[in-house]
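Protein chains: 2
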Amino acid sequence: MKVGIIGMGLIGGSMAIDLKKRNFATQIVGYDNSELHAKTALNLGIADELGSLEDIVDSTDLIILAIPADATLAVLPKVMDLIDNQIVTDVCSIKGNLAEQVKYHQKRANYVAAHPMAGTEHTGPWAARSDLFDGKAVILCDAENSSEDALHTVRTMYDHLHMRPVYMNSFNHDAHAAYISHISHISSFALALTVLDKERNEKNIFDLASGGFDSTVRLAKSSADMWTPIFAQNADNVVTVLDTYIDKLQQFRKAIEKNDKSTISHLITESNKIKKVLS
Amino acid sequence: MKVGIIGMGLIGGSMAIDLKKRNFATQIVGYDNSELHAKTALNLGIADELGSLEDIVDSTDLIILAIPADATLAVLPKVMDLIDNQIVTDVCSIKGNLAEQVKYHQKRANYVAAHPMAGTEHTGPWAARSDLFDGKAVILCDAENSSEDALHTVRTMYDHLHMRPVYMNSFNHDAHAAYISHISHISSFALALTVLDKERNEKNIFDLASGGFDSTVRLAKSSADMWTPIFAQNADNVVTVLDTYIDKLQQFRKAIEKNDKSTISHLITESNKIKKVLS
Chain A
1 MKVGIIGMGL IGGSMAIDLK KRNFATQIVG YDNSELHAKT ALNLGIADEL
51 GSLEDIVDST DLIILAIPAD ATLAVLPKVM DLIDNQIVTD VCSIKGNLAE
101 QVKYHQKRAN YVAAHPMAGT EHTGPWAARS DLFDGKAVIL CDAENSSEDA
151 LHTVRTMYDH LHMRPVYMNS FNHDAHAAYI SHISHISSFA LALTVLDKER
201 NEKNIFDLAS GGFDSTVRLA KSSADMWTPI FAQNADNVVT VLDTYIDKLQ
251 QFRKAIEKND KSTISHLITE SNKIKKVLS
Chain B
1001 MKVGIIGMGL IGGSMAIDLK KRNFATQIVG YDNSELHAKT ALNLGIADEL
1051 GSLEDIVDST DLIILAIPAD ATLAVLPKVM DLIDNQIVTD VCSIKGNLAE
1101 QVKYHQKRAN YVAAHPMAGT EHTGPWAARS DLFDGKAVIL CDAENSSEDA
1151 LHTVRTMYDH LHMRPVYMNS FNHDAHAAYI SHISHISSFA LALTVLDKER
1201 NEKNIFDLAS GGFDSTVRLA KSSADMWTPI FAQNADNVVT VLDTYIDKLQ
1251 QFRKAIEKND KSTISHLITE SNKIKKVLS
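Line by line, the protein sequences are chains A and B.
Under this note's numbering, read the first sequence as residues 1 to 279, first letter to last.
Under this note's numbering, read the second sequence as residues 1001 to 1279, first letter to last.
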């Protein structure tokens, strides 16, 4: 099958590598609005050839949109206007707005909304790598709105990426993503801002940051281009979970200020229950 | 040199392993107030023999206290009352109270206040391992109050653990530790509480938690026994940095609620500056 990938970054590039290597894709045609990214993908052998949006629609059977959430909102309907029998899918971390956007499109059945739950804090085709998706979950949203053929094709593609499909509707997806993934990122961004604010001496950060700090703040390397539209599009859910988070921090603050060791200890012990749901 | 270790957990046990392996210690005499931990350390070969506090003081040249912050406050003066020419050191993450506690002790010069910046979220002698400290920093506090001999011995010990010494006074140590290490832990504990609170369906956590969530919440596995006394003893600094952290989160909340993409993007871009001080 010929696969077109719009967006040759970490996600698009990593999909290209394994779909080719594992014989799902016979050829990868890539597009990126950054000429540097596009050429790099070609030079690294991630894309077999480059083409315009129109070229990709004309010459491939499956088109994957692997671009930020705001760009997906604009490009998805455009691609769906151009297709005939081709199948289209996306990899956005945020699904509700997108679902609304194409709900009544005459090619809705050709589209499969997906969110592969994998990534790193790095970006660009340089960060693309094999095995990125292995063993992770892919959330397939509103699957009942896709044709059997489209759904089958996209599921088979994710089988080749060794991903476990989970079905959910778009609006539930966005709430759960806020509760779990989006809040982790804000927590990390705010932590980085706090440390940079309080600790003007970078040598101290380097000396006092043990492994724990590194892992907690790792997500703060994530890009504004990717995360700004996610937070903006998922504002209601994100604000709700932020309120809960700030409330938990206030509980810690109050207990620490009052030197109430039993409450501090209770809060920590309760938080330890996360162990059982982590790997 | 015969080394006595009070507390055969992750830190004490890991020190024992490398000090013996790297020929700094000829023999390790261990003590732990948990009989299970003590016997496990002996059975795993981490300690060569077990003894009481008094046995350890009588039979070793260097005594390491590797127990929680509240226990160290109680045990350190007791050990210092018993010693003659022996050297004593501790590994507490919090130094100000301890410094005050022994400031006028007649054996103050025999004591070296140290904080090796290493650890994992696991506890007990089972978690002890070689190479835990390699390449990390050890903060040596108020070094001017230790004798040359004591300081030299403890520095040589940390050389054998492949740690880089950093000098700081106790009160500065506690402020910087709050700004960098303690806030990371609270951020992670509160994140775990938030997710457990909002997300009642554990299967969703499992499906939607990608690598980013795991790393951010990893510290929430840390034990209440260790962290309650740290937060309690470092209350003023921790409350100060928590206020800054909550303020940063409120800035995110406000920008997201108002759909102010330029502020969201600016906050993320500013937080990205943490990259340059991270490994």
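C-beta: ideal position from N, C-alpha, C; glycine also.
Since the structure is predicted, the reported quantities are computational estimates derived from the model, not experimental observations.
Item                                                                                                                          : Value
Chain B contact for His185(A) (CB, 8 Å cutoff)                                                                                : yes
Within 7 Å of chain B by C-beta, residues of the stretch 84-113 of chain A in sequence order                                  : none
Cut-off 7 Å between Cβ atoms - residues of its own chain near Leu219(A), not counting five sequence neighbours on either side : Glu121, Ser184, His185, Ser188
Where Leu1267(B) falls: helix, strand or coil (DSSP)                                                                          : helix
Closer than 8 Å to chain A by CB, Phe1133(B)                                                                                  : no
Rounded straight-line distance, which links the Cα of His1152(B) to that of Glu1054(B)                                        : 25 Å
Distance, Lys198(A) Cα to Ile1028(B) Cα                                                                                       : 41 Å
Contact with chain A by Gly1012(B), beta-carbon distance below 8 Å                                                            : no
Start-to-end residues for the alpha helix (DSSP H) that takes in Leu42(A)                                                     : 35-43
Within chain B, the residues that Arg253(A) reaches when beta carbons sit closer than 8 Å                                     : Val1239, Leu1242, Asp1243, Ile1246
Nearest-angstrom beta carbon gap, Val91(A) and Ala66(A) [assumed within contact, 8 Å]                                         : 5 Å
Lys1221(B) at chain A interface by Cβ criterion, 8 Å                                                                          : yes
Per-residue contacts from Asp18(A) into chain B (C-beta, under 9 Å)                                                           : In chain order: nothing, as chain B lies at least about 17 Å away.
Alpha helix (DSSP H) runs contained entirely in the stretch 44-131 of chain A, provided each spans 4 or more residues         : 53-59, 69-82, 96-102
For Tyr1179(B), the first and last residue of its enclosing beta strand (DSSP E)                                              : Premise fails: Tyr1179(B) is in no beta strand (DSSP E) and is neither H nor E.
Proximity below 8 Å, CB of Asn954(B) to CB of Ala1178(B)                                                                      : Residue coverage of chain B in this structure runs from 1001 to 1279, which leaves residue 954(B) outside it and unanswerable.
Below-8 Å beta-carbon distance, Trp227(A) vs any chain B residue                                                              : yes
Rounded straight-line distance, which links the Cα of Phe231(A) to that of Asp247(A)                                          : 20 Å
DSSP state of Met1015(B) mapped onto helix, strand, coil                                                                      : helix
Separation of Phe213(A) from Ala1136(B), as counted between CA atoms                                                          : A small correction: the amino acid at residue 1136(B) is Lys; Ala does not occupy that position in the sequence shown. Answer to the nearest angstrom: the Cα atoms are 13 Å apart.
Opening and closing residue of the alpha helix (DSSP H) in which Met1157(B) lies                                              : 1148-1160
Contiguous alpha helix (DSSP H) assignments of at least 4 residues, all confined to the stretch 1176-1246 of chain B          : 1183-1198, 1202-1208, 1211-1217, 1224-1233
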